[in-house]
Amino acid sequence: MNYQSPSSGRTFDFEFSVDGRLRTLPMRSRVSVNNADAYVAACRAGLGLIQAPHYHVAAGLVDGSLRQVLGEWLPPSLPLHAVYPSQRQLSPRVRVFVDWLVELFGRQAAGETQ
């Protein structure tokens, strides 16, 4: 399966972190999509392998409609940035929201689904 950027049309290669080094594997496929839901649905339909963020495939891994393969070849982590206006005092609402994001994505990185 190929995933293409909706804005640029660029096809994304599979990326793996192996022995601390980034490895890139171009995928050849007759099927290309530019939407994450279509990417996962095509995989469920048996059209090929995908490399997607955990939150897109978590339910399928739990219900058995998807299986992880190449588990020892993990993709590199993607950074997540919370961007807000620079101020001396961060608003309490923004601080609570940022803390919630850190907790939520920290749990997902650890493999927890809820």
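Just so you know, UniProt numbering puts 113 at position 113 of the sequence shown, and the rest follows in order with no gaps.
Idealized CB from N, CA, C, for every residue including glycine.
Just so we're clear, the structure is a prediction, and the values are computed from it rather than from any experiment.
Looking at G20, H81, L70, the one whose alpha-carbon comes closest to that of V102 is H81. For L74, the three-state secondary structure derived from DSSP is strand.
Assignment of L47 by DSSP, reduced to helix, strand and coil, places it in the coil class. Separation of R28 and M1 (C-alpha to C-alpha, rounded to the nearest whole angstrom) is 7 Å. Put simply, the backbone Cα of R23 is about 30 Å away from that of V83.
Checking the DSSP bridge columns, you'll see Y84 has no partner listed. Counting other Cβ atoms within 10 Å of its Cβ, Q89 stays below 16 and is therefore classed as exposed.
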